[in-house]
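First the structure, in the form of structure tokens, and then the observations on it.
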Amino acid sequence: MRHILLATSVVLFPQLASAGQCQTPPPMEPSAPPVKIVATSEGTTIPRLLKAEDINQSPALRRIASNGATIWEIGDSMSNHGLRGVFARNGQTFRTFYLTPDLQAEVGGVMWDAEGHNITRDTVSMIPGVIPTVKWDAGHTNPPKVVSGQPPAEGTHADAAKVMASASFGLYGHAGAPRLYMIVDPLCPWSIRALQSLQSYVDNGKLELAIVPIAINDYENNHASTPAAQAMLSIGQRQMIGVWRQIIALNHAPDDVSLTETSGASLQLNLQKAHTVGLRGTPTIVWLDKSGVSHTQSGLPDNVDALIEGVAR
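Numbered by mature numbering (1 follows the signal peptide of the UniProt record, and there is no 0), the letters in the sequence shown go through residues -19 to -1, 1 to 294 in order.
In structure tokens, the structure reads:
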């Protein structure tokens, strides 16, 4: 029997969009009556867009839909190992949930099996615009192009550091120190903890932290992450850490920071680039080692000293 892990970190699946373009609208609700989930010949299930009468049957679904989210049922009880999977989309925000058998409670997250296979990705891949990848041509300055397929797995990626170098980020630490890219949701507790863990390395001149804001925790904080991330993207690189500290103290975006017209586009581009390097949750770190190889990892490792020692200047 396979062992299943519901990841506590959330994976965000952005819509397909070209650089500088607006988000594509959510798919239209089909005019034909919904059908029951049916397995395809390959064993993949067809997602079903849930109607109001379906949602009203479950307190958990009503909570998920309460902020205007559109919901699809994904997978079936066999592929989801006894749970009912749903995919919720509200504007730029995406989230997957797994409902308990009584439909009273939900667990937000992504389902992985013991071999590290992403069960959730398989079940949502048939929803248009959910799974993006970015084609990156080394040596070209054009923004990455979104194409269909699977994003790269976590681990070693030849161009991960180059992709992050083209993102919108803030700089914290001594210029010329080894640079570590950290993809964060400004209101994610684990992102905040990672910042605290790296503080001494920044203070001692051993690390320059490149902070890449994204927003994946809107469902957890009443949609406060997106304006917070946009506030961070609306000021200069060296001022970003100060704004993030204000956000941490206030638990929302500062009222005295005016969002720029480009902050929304910058946020979306950061999301695309984060998925290019295999985003699974926040924080995700990316670095170039001393041999010139890029790496990406979910969260901080247990031995931060060894990590910093191996980061290239």
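From the three backbone atoms N, C-alpha and C, an ideal C-beta is built for every residue, glycine too.
Distance, Cα to Cα, residue i vs residue j?
| i | j | result |
| --- | --- | --- |
| V285 | D57 | 41 Å |
| L252 | A33 | 30 Å |
| V292 | T265 | 15 Å |
| T81 | N198 | 22 Å |
| E87 | W268 | 35 Å |
| M145 | V238 | 25 Å |
| L30 | A196 | 25 Å |
| G150 | T207 | Residue identity differs from the one stated: residue 150 is Phe in this sequence, not Gly. Their backbone Cα atoms lie some 15 Å apart in a straight line. |
| V91 | N99 | 8 Å |
| G157 | W171 | 27 Å |
| S39 | F75 | 20 Å |
| D166 | T101 | 21 Å |
| D184 | L152 | 13 Å |
| I27 | G89 | 21 Å |
| L176 | Q85 | 36 Å |
| T244 | D103 | Correcting the residue type first, residue 244 is Ser in the shown sequence and not Thr. Computed Cα separation, rounded: 32 Å. |
| A246 | G262 | 20 Å |
| S147 | H276 | 16 Å |
| A210 | F78 | 23 Å |
| residue 320 | D94 | It is not possible to answer for residue 320, since the shown part of the chain is limited to -19 through 294. |
| L(-4) | L260 | Only weak support exists for where L(-4) lies, its pLDDT of 26 falling under 50; the value from the coordinates is given anyway. Roughly 15 Å between the two C-alpha positions. |
| S272 | M59 | 45 Å |
| D83 | H62 | 15 Å |
| V274 | L231 | 38 Å |
| residue 301 | I108 | Coverage of the chain is limited to positions -19 through 294, which leaves residue 301 absent and any answer about it impossible. |
Quick check on the DSSP output: the alpha helix (DSSP H) that includes residue i runs from which residue to which?
| i | result |
| --- | --- |
| E290 | 285 to 291 |
| D103 | 100 to 105 |
| G223 | 221 to 231 |
| S206 | 206 to 213 |
| Y200 | Neither: Y200 is in no alpha helix (DSSP H) and is coded neither H nor E. |
| A41 | 40 to 46 |
| D184 | 170 to 184 |
Give me whichever residues DSSP pairs with residue i in a beta bridge.
| i | result |
| --- | --- |
| S244 | Answer is none; S244 lacks a bridge partner. |
| R29 | E54 |
| I192 | G151, M163 |
| T77 | F68 |
| V88 | Y79 |
Along the chain, where does the beta strand (DSSP E) that runs through residue i open and close?
| i | result |
| --- | --- |
| S163 | Per the sequence shown, the amino acid found at residue 163 is Met instead of Ser. Segment 160 to 165, the beta strand (DSSP E) holding M163. |
| G154 | 151 to 154 |
Output yes or no for whether 8 Å exceeds the beta carbon distance between residue i and residue j.
| i | j | result |
| --- | --- | --- |
| residue 296 | L188 | Since the first and last residues shown for the chain are -19 and 294, residue 296 lies out of range. |
| N202 | L168 | yes |
| I164 | A255 | yes |
| P194 | L248 | yes |
| A141 | V67 | no |
| A212 | I228 | yes |
| Y162 | A191 | yes |
| S71 | N48 | Rather than Ser, the amino acid found at residue 71 in this sequence is Asn. Taking 8 Å as the Cβ cut-off, N71 and N48 qualify as a contacting pair. |
| A41 | A69 | no |
| E54 | R44 | no |
Using 7 Å as the cut-off, classify the Cβ of residue i as near or not near the heavy atoms of the ligand COA, replying yes or no.
| i | result |
| --- | --- |
| A210 | What this structure holds is no ligand at all, so the ligand COA is not there to describe. |
What distance in whole Å lies between the Cβ atoms of residue j and residue i, which are believed to be in contact at a cut-off of 8 Å?
| i | j | result |
| --- | --- | --- |
| I52 | Y182 | Wrong, their Cβ atoms sit about 43 Å apart, outside the cutoff. |
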